[in-house]
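Numbering (the working numbering), first residue to last: 1 to 692.
Rendered as structure tokens:
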């Protein structure tokens with residue numbers, strides 16, 4: 001951003017130019033009274049030369065001043081790097097992107113060089129293709145450490161973390177304090193027998209000690225996985241029981257919306273359900289200090305490039321959530337590129353993306369530390385004790401990059417961002433949105449209230465732990481559209497025939513192997529689940545499950561999920577988790593969960609079949625306790641029957657289409673239903689309760 005002082009200096013420069021030409025004019029009047037006066041002509045030339053010299057001196061002085069005020073973006077620096085080091089030049093970004101996906105080895109090697117990636121053991125080749133895209137390997141032979149790259153940014157001049165919660169004031173945590181806490185936790189892990197390759201899970205809030213716990217785990221070469229504390233014990237066991245975790249970190253108590261929660265009973269259920277698993281309560285490790293730890297040094301164990309760094313979980317729509325395994329080296333390179341180049345996160349910046357530990361954005365934001373940024377954390381409700389809580393945090397912490405789910409920005413746009421008028425946001429470089437598509441109106445409102453800040457939208461997912469459609473610091477932001485496909489991501493939109501389409505809605509695919517695809521699914525030894533999950537529609541091509549349009553300008557519109565996954569306030573959840581909880585209730589015979597969203601509304605509907613009266617408050621309380629607050633429906637409606645397909649699956653998407661106003665003839669074929677008469681009630685309900 002260019003400050004007011006810069007514009008004052010430009011104005012002064014123009015005034016100097018004006019005054020210089022006043023001098024020239026006056027000298028012309030004085031010295032050209034006689035054209036034949038040789039002395040005066042000679043004198044005039046000397047004056048003009050002097051004026052030009054003065055002009056040149058002032059010109060170059062002010063050019064230097066102006067250039068010193070303009071800081072190149074990381075994208076501009078990367079373009080210069082390619083020109084100087086690789087003798088490559090591109091007419092525009094789209095040409096650069098084409099090069100990045102057609103020359104993948106050269107592109108990713110340039111990213112390694114540009115960001116000075118440190119390999120503990122060098123790679124033999126950048127990419128080794130296979131007949132099956134999911135078997136492609138990257139940076140064969142290389143060893144690398146994520147935690148080592150984080151601590152290579154150690155600085156005494158800026159904090160590592162800035163933290164605030166509902167009960168803690170804004171606090172800066174130094175790199176030394178983070179280092180010390182990481183060492184302390186590593187010693188506890190070693191005492192519990194944690195070794196390279198073991199899995200360590202976390203049932204924790206978003207706090208500094210959780211960051212230190214992750215770095216301690218990663219530094220030992222172990223694998224991380226985390227769930228938010230608002231998940232019930234059953235939902236956590238569905239995930240962590242798949243991993244055979246060696247240790248589980250927990251926060252046995254926390255505060256949310258001013259209320260203190262003691263979840264020791266859930267922790268006890270986890271202790272019973274997770275066999276041979278040690279426990280560490282991080283609630284007892286939340287103090288940070290700068291004093292030296294005399295007897296111990298940090299472990300920064302390198303692992304193979306494709307060794308797991310963390311396991312993230314899918315929503316669990318059709319059963320137990322898929323355990324998605326991401327590679328260490330891929331996350332380092334991918335996040336450096338995405339954050340550094342596409343969001344222009346620079347050394348010394350302050351990065352914040354509001355998230356729980358159960359959302360991939362927690363992992364994504366963590367990687368801002370790779371860029372030399374300070375990671376800003378907030379633990380608590382975003383609207384407590386007042387609506388502007390997070391904006392106050394951004395103001396007080398002088399945050400440069402502020403991120404949240406799109407629904408949050410919609411909420412504040414509807415209120416014209418009231419309550420933040422007196423706050424200073426000159427330091428804010430980007431406002432980031434993801435989790436669901438941001439409406440054009442919300443984007444325009446953000447642009448109006450934050451005119452000097454770039455508004456960006458990201459689209460990617462848990463499956464890839466990144467975004468492959470996102471922002472660009474040099475491109476114009478068009479409300480309702482995402483700027484571009486990101487470097488190294490072979491993104492296309494295909495129709496049902498497998499043809500690439502432009503300006504037409506279709507399936508979002510990645511047409512060739514890409515670095516951030518998961519290295520596998522935990523326990524999926526023969527990759528059958530991987531193939532069924534991502535390669536079922538188009539053989540050998542990753543189908544991401546989003547319904548999207550690529551515009552001829554290169555921008556994108558994401559219309560929503562193609563499948564029945566629920567995207568509830570930025571967090572993916574599965575209907576199966578709700579059904580599993582409701583199946584324990586004797587008063588309910590059946591149920592159907594439908595999620596309806598548009599630009600301004602977000603409703604979770606639960607249709608239930610019951611013979612007797614039901615207690616809605618009791619149902620909501622059960623879902624909140626066993627699953628999470630996001631699993632709690634907005635409306636509970638009694639229905640006579642639930643439609644099923646011939647193969648015995650609940651008909652979720654067709655019913656959703658009906659409720660969105662799509663005619664029955666376009667929404668589904670009753671020939672595919674096991675109980676076709678059941679659909680009539682939903683047709684009638686949709687007509688009498690239109691969702692607009």
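We put the beta carbon where it would ideally sit given N, CA and C, even for glycine.
| task | Could you pull out every residue in the same chain whose Cβ sits closer than 8 angstroms to the Cβ of residue 414, ignoring the five residues on either side in sequence? | result | Residue mapping note: residue 414 aligns to position 414 of the chain shown, counting from 1. Correct list, in chain order: 600.
| Residue from 510, 505 and 480 whose Cα sits closest to the Cα of residue 492 | As a working note, residue 492 is residue 492 in the chain shown. If we check each option's Cα against that of residue 492, 510 comes out closest.
| task | Just grab the DSSP bridge partners of residue 132 for me. | result | Looking up residue 132 in the chain shown gives position 132. BP columns for residue 132 are empty, so no partner.
| Can you check whether the CB of residue 134 is closer than 8 angstroms to the CB of residue 325? | Numbered from 1 along the chain shown, position 325 holds the residue referred to as residue 325. Numbered from 1 along the chain shown, position 134 holds the residue referred to as residue 134. Their beta carbons are not under 8 angstroms apart, which means residue 325 does not touch residue 134 by this criterion.
| Near residue 38, which residues of its chain fall below 6 angstroms by C-beta distance, leaving aside the five closest residues on each side in sequence? | As a working mapping, residue 38 is identified with position 38 in the chain shown. The predicted position of residue 38 is uncertain, since its pLDDT is 49 and thus under 50; no value can be drawn from it.
| field | Whole-angstrom distance between residue 460 and residue 678, CA atom to CA atom | value | For the purposes of this step, residue 678 is taken as residue 678 along the chain shown, with counting starting at 1. For the purposes of this step, residue 460 is taken as residue 460 along the chain shown, with counting starting at 1. Between residue 678 and residue 460, the C-alpha separation is close to 36 angstroms.
| query | Closest to residue 501 by CA distance: which of 350, 187, 631 and 552 is it? | reply | Position 501 of the chain shown, counted from the start, is the residue given in the question as residue 501. Comparing Cα positions, the closest option is 552.
| query | Straight-line CA distance for residue 141 to residue 307? | reply | Here residue 141 refers to the residue found at position 141 when the chain shown is read from its first residue. Here residue 307 refers to the residue found at position 307 when the chain shown is read from its first residue. Going by the C-alpha atoms only, they are around 11 angstroms apart.
| message | I believe residue 546 touches residue 605 by the beta-carbon criterion, under 8 angstroms. Please report the beta-carbon distance rounded to the nearest angstrom. | response | Position 546 of the chain shown, counting from 1, holds the residue named residue 546. Position 605 of the chain shown, counting from 1, holds the residue named residue 605. Not quite, the Cβ-Cβ distance comes to about 22 angstroms (not below 8 angstroms), so this is no contact.
| Contact check, residue 98 vs residue 513 under 8 angstroms by CB: the rounded distance? | One-based indexing of the chain shown puts residue 98 at position 98. One-based indexing of the chain shown puts residue 513 at position 513. Contact flag wrong, Cβ pair sits at about 17 angstroms.
| query | For residue 211, which of helix, strand or coil comes out of DSSP? | reply | Numbered from its first residue, the chain shown carries residue 211 at position 211. Looking at residue 211 - three-state DSSP - the assignment turns out to be helix.
| message | Below 8 angstroms, how does it come out for the segment 338 to 352 and the segment 167 to 174: are there three or more Cβ pairs, yes or no? | response | no
| query | Does the distance from the C-beta atom of residue 231 to that of residue 280 stay below 8 angstroms? | reply | Working through the chain shown from its first residue, we reach residue 231 at position 231. Working through the chain shown from its first residue, we reach residue 280 at position 280. The answer is no: Cβ separation not under 8 angstroms.
| How is residue 429 classed by DSSP in three states: helix, strand or coil? | Taking the first residue of the chain shown as position 1, residue 429 is located at position 429. Note: residue 429 maps to coil in three-state DSSP.
| residue 694: buried (16+ other C-beta within 10 angstroms of its C-beta) or exposed? | Given that the chain is displayed from residue 1 to residue 692, the structure contains no residue 694 and the question cannot be resolved.
| task | Tell me residue 254's beta-bridge partners as DSSP assigns them. | result | Along the chain shown, read from residue 1 onward, the residue named residue 254 stands at position 254. DSSP, once it has assigned bridges, lists 261 as partnering residue 254.
| task | Can you tell me which of the three DSSP states residue 693 falls into? | result | Nothing can be reported for residue 693: it is not among the residues displayed for the chain, which extend from 1 to 692.
| Fully enclosed by the segment 102 to 151, which alpha helix (DSSP H) runs are 4 residues long or longer? | 104 to 114 and 146 to 151
| task | List the DSSP bridge partners of residue 454. | result | Taking the chain shown and counting its residues from 1, one reaches residue 454 at position 454. According to DSSP, which records beta bridges pairwise, residue 454 is partnered with 430.
| query | By a C-beta neighbour count over all protein chains shown, 10 Å radius and 16 as the cutoff for buried, is residue 167 buried or exposed? | reply | As a position in the chain shown, residue 167 is number 167, starting the count at 1. Label assigned to residue 167: exposed.
| task | Take every Cβ of the segment 221 to 230, pair it with every Cβ of the segment 282 to 293, and state whether three or more of those distances are shorter than 8 angstroms. | result | no
| said: So within the segment 569 to 595, which uninterrupted alpha helix (DSSP H) runs reach at least 4 residues, ignoring any that extend past its ends? | reply: 575 to 582
| said: Taking a contact to mean a Cβ-Cβ separation below 8 angstroms, would you say residue 487 touches residue 245 in this structure? | reply: Position 487 of the chain shown, counting from 1, holds the residue named residue 487. Position 245 of the chain shown, counting from 1, holds the residue named residue 245. The answer is no: Cβ separation not under 8 angstroms.
| task | Within its chain, find whatever has a CB closer than 8 angstroms to the CB of residue 236; leave out the 5 residues flanking it on each side and keep chain order. | result | Position 236 of the chain shown, counted from the start, is the residue given in the question as residue 236. Here the set comprises 203, 227, 266 and 270.
| message | Which residue marks the beginning of the alpha helix (DSSP H) containing residue 678, and which one marks its end? | response | The residue given as residue 678 occupies position 678 in the chain shown. Per DSSP, residue 678 belongs to no alpha helix (DSSP H) and is neither H nor E.
| message | Is the separation between the beta-carbon of residue 471 and that of residue 343 shorter than 8 angstroms? | response | Sequence index remark: in the chain shown, residue 471 carries index 471 (1-based). Sequence index remark: in the chain shown, residue 343 carries index 343 (1-based). Yes, these two residues count as a Cβ contact at 8 angstroms.
| Taking C-alpha atoms, which residue in 273, 346 and 211 lies nearest to residue 241? | Counting from 1 along the chain shown, the entry for residue 241 is found at position 241. Comparing Cα positions, the closest option is 273.
| For residue 404, the first and last residue of its enclosing beta strand (DSSP E) | Taking the chain shown and counting its residues from 1, one reaches residue 404 at position 404. Per DSSP, residue 404 belongs to the beta strand (DSSP E) from 401 to 405.
| field | Nearest-angstrom beta carbon gap, residue 75 and residue 474 [assumed within contact, 8 angstroms] | value | In the chain shown, the residue the question calls residue 474 occupies position 474. In the chain shown, the residue the question calls residue 75 occupies position 75. Indeed they touch by this definition, with Cβ atoms about 6 angstroms apart.
| What are the boundary residues of the beta strand (DSSP E) that residue 509 is part of? | Translated into the one-based positions of the chain shown, residue 509 becomes position 509. Residues 505 to 510.
| Among residues of its own chain, excluding the 5 on either side of residue 217, which ones have a beta-carbon nearer than 6 angstroms to its beta-carbon? | By 1-based counting over the chain shown, the position of residue 217 is 217. Once the five neighbours on either side are set aside, the close Cβ partners of residue 217 are 200 and 224.
| field | Neighbour-count burial assignment, residue 299, 16 or more Cβ in a 10 Å radius | value | Looking up residue 299 in the chain shown gives position 299. Looking at its Cβ environment, which holds 16 or more other Cβ atoms inside 10 Å, residue 299 is buried.
| Distance CB(residue 425)-CB(residue 409) smaller than 8 angstroms | Within the chain shown, numbered from 1, the residue matching residue 425 stands at position 425. Within the chain shown, numbered from 1, the residue matching residue 409 stands at position 409. Cβ distance not < 8 angstroms, so residue 425 and residue 409 don't count as in contact.
| field | DSSP-derived helix/strand/coil call for residue 597 | value | Here residue 597 corresponds to residue number 597 of the chain shown, with the count starting at 1. The answer is strand: DSSP assigns residue 597 an E or B state.
| So what does DSSP say about residue 81, is it helix, strand or coil? | In the chain shown, residue 81 corresponds to position 81, counting from 1. Helix.
| Closest Cα partner of residue 122 within the set 621, 489, 112 and 392 | Here residue 122 corresponds to residue number 122 of the chain shown, with the count starting at 1. Nearest C-alpha to residue 122: 112.
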